[in-house]
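J.:
Residue numbers (the UniProt record's numbering): 1 to 514.
1. For the region 446-464 against the region 392-409, are there 3 or more C-beta pairs whose distance is under 8 Å?
2. Confirm, please, whether the CB-CB distance from residue 39 to residue 81 is below 8 Å.
3. Rounded to the nearest angstrom, what separates residue 276 and residue 113 at their Cα positions?
4. When you compare only the Cα positions, how much space is there between residue 476 and residue 499?
5. Tell me, to the nearest whole angstrom, how far the beta carbon of residue 108 is from that of residue 318; I am working on the premise that it is less than 8 Å.
6. Answer with buried or exposed for residue 37, where buried requires no fewer than 16 other C-beta atoms within 10 angstroms of its C-beta.
7. Are at least three pairs of beta-carbons, each pair with one atom in the region 397-405 and one in the region 211-225, less than 8 Å apart?
8. Under 6 Å Cβ to Cβ from residue 29, same chain only, skipping five residues before and after it: list those, please.
9. Check the DSSP bridge columns for residue 480 and list the partner residues they point to.
10. To the nearest angstrom, report how far apart residue 409 and residue 147 are at their CA atoms.
11. Which residue or residues does DSSP assign as beta-bridge partners of residue 457?
12. Three or more beta-carbon pairs under 8 Å between the region 177-188 and the region 126-145, yes or no?
13. Quick one: using the 10 Å Cβ neighbour count with 16 as the cut-off for buried, is residue 126 buried or exposed?
14. What would DSSP say about residue 506, mapped onto helix, strand or coil?
15. What's the call for residue 412, buried or exposed, on a 16-neighbour Cβ count within 10 Å?
16. What residues are listed by DSSP as bridge partners for residue 395?
17. Tell me which residue opens and which closes the alpha helix (DSSP H) that residue 208 is part of.
18. Can you tell me which of 295, 436, 54 puts its alpha carbon nearest to the alpha carbon of residue 466?
19. Tell me the DSSP secondary structure of residue 275 in three-state form.
20. If we ignore side chains and look at the alpha-carbon of each, how far apart do residue 360 and residue 298 end up?
21. Is residue 400 helix, strand or coil when you go by DSSP?
22. Look at the Cβ atom of residue 307, then the Cβ atom of residue 250, and state whether they are nearer than 8 Å.
23. Taking the CB atoms as reference points, tell me whether residue 397 and residue 457 lie closer together than 8 Å.
24. Within 8 Å (strictly less), CB to CB, does residue 173 reach chain E?
25. Evaluate the contact criterion for the region 417-429 versus the region 472-491: three or more CB pairs, one atom per stretch, below 8 Å.
26. With DSSP run on the structure shown, which of helix, strand or coil describes residue 28?
27. Nearest-angstrom Cα distance between residue 459 and residue 31?
28. In the DSSP assignment, the alpha helix (DSSP H) including residue 185 goes from what residue to what residue?
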């Protein structure tokens, strides 16, 4: 009997791991990702010992000050990339993501059992799979999972010295890796409040957690930018002149685009909410955990106010849901079936089968792009640009900036890239957006910057971006010479570009404009 149970547990764990890897691993679309810029950040650190303090990559605002809060994350990614290019980066991403899930799952299992830990993971997985890009953000999820695991393990007992040291060292790395570093002190603070309310006095547990909070908070200032770096989560939005899709609220963004995941978030939030309500209404209210309640409230609000936080909600909700589910069954004296593990394995296997066959694409849309490394032919446009020795100044759209930095810096600099904080707000509001909306403004800045080429993401979905592309196709002074499913390149009709235009000009009927 024990051997059978062990077999089914191992089978369910293996299937769950396969499901996690399948839904969170996607080929890299370098034209829209931050990754290219992060790799160049890392390269500058290694080869030139240069840490960005100004907007080095742009010719429009080269002296504008920036806080490169993710410099160590870029260095990590670059170091892995040098070992074997983008395929190795994809494997590294799988390793980091799997490790994050392991810490979260072990925490959930410790608070409940393998059944409820698996159910909670399955519920939250679509939200976590929403963020699959390889970026420094993955380290924040990993460090959060380690913090949660350690703090949960010693909840109710004094935090040992080695745990204090581990948390402090992780926080030191975290503050230099990704902007979500404030989550570390936040988690320690939540567990401190939980322990103090539970004990109602300054016990050794409370003192150790207070010491830990002081330690991890002090680590926030150990970064190349000092207090500016420590406060960047509070100040970064002071100069955002460009509205990012991922930073919008659920109720705002669902009016603009249809995505079943927005509805799924509401369902997951409702499940979390009712798991608390039913626990509070149960026979034994002592099982209600203040740390879970506070964490649940914070990540729920974060998810509602910025869809980029769906993954954060998903990770944090797993141990909370598993705990609430487990104690709901105890509180209402409900017993699970004797063949729970077998049922669980079949359940996970069925979900994996449906996902692999794209039957659950409405909640796992990125499974269509499952794979390692880059999208096929993603670099063709940049290769064309370099092979034909096209020169700038280049006008490019916001999203493709990181791609161009990776491919053509330092020979050419970009007009803009996907870092709103690295440009003055009025640059976006008074120059970048208006010049795509209004032909007079475009002509003004086209002369001022003396554009020689345009490198634009062909799938730019912004109203101004679509309008701009239509106008350029109609404009006889700008000749399209390259287009694929990712990007389009125009050249100014001048003597400098005469040869390339003669060889590669796209015919008028190439574009279907209505």
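Virtual Cβ for every residue (Gly too), placed ideally from N, Cα, C.
T.: Straight from the coordinates:
1. yes
2. Yes; because the gap between Cβ atoms is below 8 Å, this pair is in contact.
3. Their Cα atoms are separated by approximately 18 Å.
4. 17 Å
5. 5 Å
6. buried
7. no
8. 375
9. 490
10. 38 Å
11. 487
12. yes
13. buried
14. Looking at residue 506 - three-state DSSP - the assignment turns out to be coil, as it is neither helix nor strand.
15. buried
16. For residue 395, DSSP records a beta bridge to 454.
17. 204-219
18. 436
19. helix
20. 29 Å
21. It is coil, neither helix nor strand.
22. yes
23. yes
24. The structure shown has no chain E; it contains just one protein chain.
25. no
26. strand
27. Their Cα atoms are separated by approximately 10 Å.
28. Judged by DSSP secondary structure, residue 185 falls within the alpha helix (DSSP H) whose first and last residues are 183-199.
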